[in-house]
Amino acid sequence: MFKFIIRFTLVIFCTSFALTGCDNADSNSTTEKKFKSLKLFPQGKSFSGFQLTSHLGETWDQESFKGSYSVVFFGFTNCPDICPTTLLDMQKINKKLDHQDLASPRFIFISVDPDRDSPEVLNEYINFFNPDFFALTGDAPNILSVASQLGVAYKVADHQPGDLIYAVDHASALFILNPKGERIGLFTAPHDIELITQDLATLMESI
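In UniProt numbering, the protein residues as written are 1 to 207.
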């Protein structure tokens, strides 16, 4: 009997998110000073040309991400540690914002493992953490489209249809979208609950 050892490598896509090191650094420096943990991108980036399905069976496209701030995390339900830990962190952040009587952003979990994560599986999974959270899936090309446009790196190991055990490497960052549906920044791991809550509160107060 084979023993499967899966190593989950945390991959953060570090393009020129040049936190303060590009031509726009001067214009961003003042803005970034008011944030404790949020790392801003030089400018907002929109994304389009995809279609996902929520844990409730609803279709999501670029318009679905508009209207409020969103905290987006990419992972998969068979993840043994990083994903449940991060979702629990998101739940803690959500509760802290509620206690401050501030409007909370939407918390969105996007699975990068469509072969195992159907809407039904996601529904049970996300409700364990918070029934107000959203979970999304889709076919591999659509997930790749969203991830690549947002700057999210992940890798699903080669596997055969029906396989239940295979490795998935994915980012551990929390990506922040503004009400226009644009990616504006991220929180890198390790996640500091207090600092993230403070930064999100600052964002929500600006609405």
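Just so it is clear, CB atoms sit at the ideal spot from N, CA and C, and this is done for glycine as well. A quick note: this is a predicted structure, and the numbers were derived from the prediction, not measured.
(request) Report the rounded CA-to-CA distance for residue 104 versus residue 158, giving the unit in angstroms. (result) Numbered from its first residue, the sequence shown carries residue 104 at position 104. Numbered from its first residue, the sequence shown carries residue 158 at position 158. Their backbone Cα atoms lie some 38 Å apart in a straight line.
(message) Taking CB distances under 9 Å as the criterion, tell me whether residue 206 reaches chain D.
(response) Absent from the structure is chain D; it holds one protein chain and no more.
(message) Measuring alpha carbon to alpha carbon, tell me which residue in 87, 137, 107 is nearest residue 56.
(response) In the sequence shown, residue 56 corresponds to position 56, counting from 1. Nearest to residue 56 by C-alpha distance, out of 87, 137, 107, is 137.
(request) Output the residue ranges of the alpha helix (DSSP H) runs that lie fully inside the segment 116 to 199 and measure 4 residues or longer, sorted by chain position. (result) DSSP runs (the alpha helix (DSSP H)) wholly in the segment 116 to 199: 119 to 129, 140 to 150.
(request) Decide yes or no for the touch test of the segment 169 to 189 against the segment 69 to 86: beta carbon pairs closer than 8 Å, at least 3 of them. (result) Contact between the segment 169 to 189 and the segment 69 to 86 is present, because at least three Cβ pairs lie under 8 Å.
(message) Taking only three categories from DSSP, how would you classify residue 36?
(response) Position 36 of the sequence shown, counted from the first residue, corresponds to residue 36. Three-state DSSP puts residue 36 in coil, outside helix and strand.
(request) May I ask you to report which of helix, strand or coil DSSP gives residue 76? (result) Stepping through the sequence shown from its first residue, residue 76 is reached at position 76. Look at residue 76 here: in three-state DSSP terms it is coil, with no helix or strand label.
(message) Given a cut-off of 9 Å on the beta-carbon distance, is the pair residue 172 and residue 189 in contact?
(response) Counting from one through the sequence shown, the residue named residue 172 turns up at place 172. Counting from one through the sequence shown, the residue named residue 189 turns up at place 189. Yes.
(request) Let me know the secondary structure DSSP gives residue 96 once reduced to three states. (result) For the purposes of this step, residue 96 is taken as residue 96 along the sequence shown, with counting starting at 1. If DSSP states are grouped into helix, strand and coil, residue 96 belongs with the helices.
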